[in-house]
Structure formats: C-alpha cells, structure tokens
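S.K.: Following this message is one structure expressed as structure tokens.
Shown next as structure tokens:
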C-alpha cells in the first residue's frame, strides 16, 4: 500500500508540473448560466432517448434488490481506476488515494467489487471524470446537449465522457473497451432514468427538470474539483423557473441518464 501511495504522489506531482504553466491564471467558474441554444433539438433527442431507454429501465427496476445492489456495486467499482486517473490529472492527491484505496478494498475484500466494503467503512466514492479535468484545466463548458442513449451533458463533458470511455484503464486491461463502455453506460443510464420516473410523472416540463438536475449535480462536482463547497447555490439556476430548490447543505441528486 505504501508503494501504491508513493506511485500516486509521483504521478500527481509529474502531472502538476506539466500543467502548471498551462493552467496558471485561467479562470474557473462553476456557476456560469444555463446555456441551451439548441433546446428544440435537445427536446426531440430526449424524447427519443426516453423511448429507447425505458425498456432497459424497466428491466433494471425488476431486478430483485440484492442482485440489483451487486450490479450497482460492480458498476461503481469499475469506475474507480478512471476516477483515480482523473484525480491525478486534477492534482487531487487525497481523492486519488481514496479512489485507489476503494478499488483495492472492494476488488479484494469485496469479491471483485460485488460488495462495496469501502463505503461501509466510511470511504465514500469521490467524483472524477475527464470533463471535470478539462474544467480544472480551464476549458470552457460550451452549450448544453442531450446525447442519444447517454443523456444530458455539455459540449465539454460530452467530449470528456468519450475520452473516459476510450481510455478507461479497466477496458484496456481486459481487452474489451467497447463492451465495458456500453455495459457500464447502459447500466448508469437505465438506473438513473428509473430513479426519476416519479419526477417525470409529476413535472409540468420534464425537460427543464432534467436540465436543472444535471446543472445542479454538475456544478457541485466541478466545485469539488477545485476545493470549493459542493453545496448547491449556483446562479446558473436563477434563470430556470423549473429548477428544484434543495434544502441548504443538501446533497445534489443524481441526474437522469447521464
């Protein structure tokens, strides 16, 4: 474990040296306003995505609780190497240690990730993806987009998601990058769509609800990446009348079909 921590520190330090000059002085604003210039197209894509993903969401909801929990824990564990890599690129040493520790514990004591032993021991999963890394590096987020199958995003995060899928360390290790990316993405999208089914039935404008939920959650993750509080108080939601209003200090809910 000591050697692993030393490797993480060395890799993080190397990455920081390479990025320091490029990132110096670049403004990073996690509270930019909602930018949705292609709303009509996005609405059509969302409608088609809901129709496409609803059968998968129904299958996920029909899985008995214990089996569903095991699938969710395995899916979560498969993300840890990707989270680790991005935390190193962001210079988040403590978060990288958590990701590495979680992966080692859950892969060994958790029987290949079937059981999330780390969370039970108080070691909660951290955020970490390449879209977040691009934000730390000062790349603008671009417009809001609704992606077929994958759900809501911004241009920056959509690109970051593609990089994460293509360069996922677990996919390279098992030699089946496409299968891993499709499988984990399908599980994520189906579960999140199932989670917000009740909100869909209650919302006057479900599209606005999904967009607001995405921005709230993403703003919190971006703030976490630069050491700010993840409490949701973003001005990005002030111009969105359908934005939900969480209690002060509440954790953001996961956005659907991300």
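In the working numbering, the protein residues as written are 45 to 302.
For each residue, glycine too, the CB sits at the ideal point set by N, CA and C.
These numbers come from a predicted model, not from an experiment.
(1) Anyone know if the C-beta pair for residue 190 and residue 86 falls short of 8 Å?
(2) Going by DSSP, what residue range makes up the beta strand (DSSP E) through residue 188?
(3) Provide the residue(s) that pair with residue 197 in DSSP beta bridges, ordered along the chain.
(4) How big is the Cα-Cα spacing for residue 271 and residue 81?
(5) Under a three-way DSSP split, which group does residue 263 fall into?
(6) Hey, out of 176, 154, 122, whose CA is closest to residue 264's CA?
(7) Let me know if residue 134 comes out buried or exposed under the rule of 16 or more other beta-carbons within 10 Å of its beta-carbon.
(8) Using the C-alpha atoms, what's the distance from residue 107 back to residue 156?
(9) How close, in whole Å, do the beta carbons of residue 124 and residue 147 come, if the pair is a contact with beta carbons under 8 Å?
(10) Could you work out which residue in 119, 181, 99 is closest to residue 269 when comparing CA atoms only?
(11) Can you give the Cα-Cα distance for residue 76 and residue 166, rounded to whole angstroms?
(12) Specify the secondary structure class of residue 135 as computed by DSSP and reduced to three states.
(13) Enumerate in chain order the residues of its own chain whose CB-to-CB distance from residue 199 is below 8 Å, with the five nearest sequence positions on each side excluded.
(14) Nearest to residue 209 by alpha carbon, out of 115, 118, 122?
(15) Tell me which residue opens and which closes the alpha helix (DSSP H) that residue 176 is part of.
(16) State yes or no: is the C-beta of residue 196 within less than 8 Å of the C-beta of residue 103?
(17) Here's the rule I'm using: 16 or more other beta-carbon atoms within 10 Å means buried, otherwise exposed. How should residue 260 be labelled?
(18) Check residue 83 in the structure and name its three-state DSSP category.
(19) Is residue 132 closer than 8 Å to residue 150 when the C-beta atoms are compared?
(20) Comparing C-alpha positions only, which one of 164, 111, 172 sits nearest to residue 137?
(21) Going by CA-CA distance only, name the one from 193, 110, 158, 114 that's closest to residue 92.
(22) For residue 174, which residues of its own chain have a beta-carbon under 7 Å away from its beta-carbon, when the five flanking residues on both sides are left out?
(23) Kindly list the residues whose CB is nearer than 7 Å to the CB of residue 114, restricted to its own chain and excluding five residues on each side of it in sequence; keep chain order.
(24) Suppose contacts are defined by Cβ-Cβ distances below 8 Å. Is residue 97 in contact with residue 251 by that definition?
M.R.: Looking at the coordinates:
(1) Here residue 190 refers to the residue found at position 146 when the chain shown is read from its first residue. Here residue 86 refers to the residue found at position 42 when the chain shown is read from its first residue. Yes, the Cβ-Cβ distance between residue 190 and residue 86 is below 8 Å.
(2) On the chain shown, residue 188 is found 144 positions in, with the first residue counted as 1. Here the beta strand (DSSP E) through residue 188 covers 188-191.
(3) Locating residue 197 in the chain shown gives position 153, counting from the first residue. 189.
(4) Here residue 271 corresponds to residue number 227 of the chain shown, with the count starting at 1. Here residue 81 corresponds to residue number 37 of the chain shown, with the count starting at 1. So the alpha carbons of these two residues sit roughly 30 Å apart.
(5) What you label residue 263 is simply residue 219 of the chain shown in a count that begins at 1. Looking at residue 263 - three-state DSSP - the assignment turns out to be helix.
(6) Here residue 264 corresponds to residue number 220 of the chain shown, with the count starting at 1. Here the closest residue by C-alpha is 176.
(7) In the chain shown, the residue the question calls residue 134 occupies position 90. Per the 10 Å Cβ criterion, buried.
(8) The count along the chain shown starts at 1 and reaches residue 156 at position 112. The count along the chain shown starts at 1 and reaches residue 107 at position 63. Looking at the two C-alpha atoms, the distance is approximately 20 Å.
(9) Translated into positions along the chain shown, residue 124 becomes position 80. Translated into positions along the chain shown, residue 147 becomes position 103. 4 Å between Cβ atoms; contact.
(10) Reading the chain shown from its first residue, position 225 is the one you call residue 269. The shortest C-alpha separation from residue 269 is found at 181.
(11) Here residue 76 refers to the residue found at position 32 when the chain shown is read from its first residue. Here residue 166 refers to the residue found at position 122 when the chain shown is read from its first residue. When only Cα atoms are considered, residue 76 and residue 166 end up about 33 Å apart.
(12) The sequence position of residue 135 within the chain shown is 91, counting from 1. Of the three classes helix, strand and coil, the one that applies to residue 135 here is coil, per DSSP.
(13) Taking the chain shown and counting its residues from 1, one reaches residue 199 at position 155. Closer than 8 Å at the Cβ level, and outside the excluded window around residue 199, lie 185, 186, 187, 189.
(14) Against the chain shown, residue 209 aligns to sequence position 165. The residue with the shortest Cα to Cα distance from residue 209 is 122.
(15) By 1-based counting over the chain shown, the position of residue 176 is 132. That run of the alpha helix (DSSP H) goes 174-180.
(16) Locating residue 196 in the chain shown gives position 152, where the first residue counts as 1. Locating residue 103 in the chain shown gives position 59, where the first residue counts as 1. No; because the gap between Cβ atoms is not below 8 Å, this pair is not in contact.
(17) For this step, residue 260 is matched to residue 216 along the chain shown. Flag for residue 260 reads buried.
(18) The count along the chain shown starts at 1 and reaches residue 83 at position 39. In this structure, residue 83 counts as helix in the three-state DSSP scheme.
(19) Within the chain shown, residue 150 is the residue found at index 106, counting from 1. Within the chain shown, residue 132 is the residue found at index 88, counting from 1. Going by C-beta atoms, residue 150 is not nearer than 8 Å to residue 132.
(20) Working through the chain shown from its first residue, we reach residue 137 at position 93. The candidate whose alpha carbon is nearest that of residue 137 is 172.
(21) Locating residue 92 in the chain shown gives position 48, counting from the first residue. Of the listed residues, the one whose Cα sits closest to residue 92 is 193.
(22) Here residue 174 refers to the residue found at position 130 of the chain shown. These residues qualify, in order along the chain: 130, 204, 207, 208.
(23) The residue given as residue 114 occupies position 70 in the chain shown. Only 158 meet the Cβ criterion.
(24) The residue you call residue 97 lines up with position 53 of the chain shown. The residue you call residue 251 lines up with position 207 of the chain shown. Not in contact: residue 97 and residue 251 (Cβ atoms no closer than 8 Å).
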